[in-house]
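Report on one structure; see the data block that follows.
Below, the structure written as structure tokens:
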């Protein structure tokens, strides 16, 4: 035994003093096996809360990467306000404190009949339930010429890590007076304010180091989340630097050419010095592999439990889930993971079940001293998930309110990542 | 390995494994020092309070080590209920907390108040 886990501590404590209170840990009784696939925000949260909730579950988390870099707050890295290391988290605490069996491997097949999962390394794991948190994939062929090789010239940086680092390097290398083109995706996509926060924070960087640079947003959409708040922020902080072209103006984004870093729309071709292409999205690869996706490209689920409507005993959480009106965000994934974990605990251990509480909260930076906030509570019923209550910062907020939100955002990041990985 | 402790438990009465058990207990005490009391008390709990508190944990650390976000562990029942009531009515500003408070029933707020007060007392006692 090389590490000590909460699970083991719990069993010993039970043996010594409160054994009668822990019927699930009875000797010899087989534990229900839960395999959580995907170690992003949703998967890591689910693994932690499942392990915390009962000694009677054997929780395995399968994730290929040794560390996870959060996509949320990665725009602060692009702005030079945070290091990428400060956004990177390991799985050690999940294993050591909570007893999650962390397996760094890639899932190659999920067999819902035999109820097992095959791993690239050769192992085959049996399960009673799966929690799948596969994140997003980019729709193949959505933008002509934007393939894997193109992402190394014109990064998407929509999963954080090497892609984010590449985009930052390109921005640093760009000459003052250069043009940065950001291609924004159609709905639905991960993090609705994300592309516009990115434009804001890259403008923040340009304003200091390349004040003659321009930012051009080529959008697939005609409107975007909190548009008035963003446009007000751009006018106040970066007048004349950011131009946004809606889909109805461009006729849609058609193709990219990596040779001259250009983006072709229905009407024009725009040449970029640095291009960030965020394509249309769908549920991650593993969701398609396990046949959990409907014609929308996302995974239909029971909103009360997040169990797939297409495969029993497989729950889908996070960006890949078709969760009614819930935004695709890290906060929403964390919230869904808890509802899913408590539903599984209730089904497998008989623990009490409360009505699901689903939330989304978001801090979005327009500049280093100007953050806007949003908060949404949702109501889930057996059919869908609807917005119950909604708050969003407004144009004309006091400067101190926006400064205070930046401080809150920092505190929130620390608490939130502790909730997931700590 | 998660299964190992069950094996130890099953053999605990046997003389030959008692040494192993003592060694493990000694290690558990050493490891216990590294675990925060708050995290431990949360561990065995999936009751109403813990389920609702999981929502709070997305912004407030349940070990009380918040920076930039007010800590809620250790508030008395009364303090917690009054604060949530004030957010709910709009008497106290804070749009995120107002949205949260308005989504909770008075009964759920009372459950949370008891839960956080009890956690606070437990932390102090140890």
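Protein chains in written order, with the numbering used here: chain A, 1 to 422; chain E, 1 to 126.
Every residue gets a Cβ at the ideal spot worked out from N, C-alpha and C, and that includes glycine.
Residues of the same chain with a CB within less than 6 Å of the CB of residue 205 of chain A, apart from the 5 flanking positions on each side, are 79 and 80 in chain order. Using a Cβ-Cβ distance cut-off of 8 Å, the region 140 to 147 of chain A and the region 46 to 59 of chain A are not in contact, since fewer than three pairs of beta carbons, one from each stretch, lie closer than that value. Only buried fits residue 284 of chain A, as 16 or more other CB atoms lie within 10 angstroms of its CB. The beta carbon of residue 116 of chain A lies closer than 7 Å to those of 124, 125, 126 and 127 in the same chain, with the five residues before and after it left out. Shortest Cα-Cα distance from residue 167 of chain A to any of A:151, A:292 and A:371 involves A:151. Looking at A:366, A:112, A:59 and A:226, the one whose alpha-carbon comes closest to that of residue 199 of chain A is A:366. In the pairwise beta carbon analysis, the region 84 to 99 of chain A is classified as not touching the region 375 to 394 of chain A: fewer than three pairs are separated by under 8 Å. Straight-line measurement puts the Cα of residue 279 of chain A at about 8 Å from the Cα of residue 156 of chain A. Take the alpha-carbon of residue 179 of chain A and the one of residue 210 of chain A: they are about 11 Å apart. Rounded to the nearest whole angstrom, the CA to CA distance from residue 360 of chain A to residue 111 of chain A is 33 Å. With 16 or more other CB atoms across the displayed protein chains lying within 10 angstroms of its CB, residue 43 of chain A is buried.
Per DSSP, the continuous alpha helix (DSSP H) segment holding residue 288 of chain A begins and ends at 285 to 289. Residues of chain E with a Cβ closer than 7 Å to the Cβ of residue 76 of chain A do not exist, since the nearest Cβ in that chain sits about 15 Å away.
Residue 148 of chain A counts as exposed, since fewer than 16 other beta carbons sit within 10 angstroms of its beta carbon.
Residue 275 of chain A sits in a strand when the DSSP states are folded into three classes.
Residue-level contact by beta carbon fails for residue 49 of chain E and chain A, as no gap is shorter than 7 Å. Excluding the 5 residues flanking it on each side, residue 248 of chain A has same chain C-beta neighbours closer than 6 Å at 222, in chain order. Chain-ordered, the chain E residues with CB closer than 7 Å to the CB of residue 352 of chain A read 47 and 48. DSSP, read as helix, strand or coil, puts residue 198 of chain A in helix. Using a Cβ-Cβ distance cut-off of 8 Å, the region 59 to 79 of chain E and the region 405 to 420 of chain A are in contact, since at least three pairs of beta carbons, one from each stretch, lie closer than that value.
Here residue 82 of chain A is not bridged, per DSSP, to any residue.
Residues of chain E with a Cβ closer than 8 Å to the Cβ of residue 334 of chain A are, in chain order, 58.
Contact of residue 124 of chain A with chain E is not assigned, every C-beta pair being separated by 7 Å or more. For a cut-off of 8 Å, the C-beta gap from residue 201 of chain A to residue 76 of chain A is around 7 Å, short enough to register as a contact. Annotation: residue 295 of chain A is outside any alpha helix (DSSP H) and is labelled neither H nor E by DSSP. Among the CB atoms of chain A, none fall inside 7 Å of the CB of residue 74 of chain E. Every beta strand (DSSP E) stretch that sits fully inside the region 301 to 362 of chain A and reaches 3 residues is listed by chain position as 314 to 316. For residue 419 of chain A, the C-beta contacts it makes with chain E under 7 Å involve 57 and 58, in order along the chain. The beta carbon of residue 110 of chain E sits no closer than 7 Å to any beta carbon of chain A.
The closest CA to that of residue 377 of chain A, considering only E:122, E:101 and E:109, is found on E:101. Unbroken beta strand (DSSP E) stretches of 3 residues or longer found wholly inside the region 135 to 202 of chain A: 136 to 138 and 179 to 184, given in chain order.
In this structure, DSSP gives residue 60 of chain E a state outside helix and strand, which the three-state scheme calls coil. Taken through DSSP and simplified to helix, strand or coil, residue 121 of chain E comes out as helix. Apart from the 5 residues on each side of it in sequence, residue 364 of chain A sits with its Cβ closer than 7 Å to the Cβ of 193, 197, 371 and 372 in its chain, given in chain order.
Of the residues assessed, residue 49 of chain E falls on the buried side of the cut-off, its CB having 16 or more other CB atoms within 10 angstroms.
Taking 7 Å as the cut-off, the Cβ atoms of residue 217 of chain A and residue 241 of chain A do not count as close.
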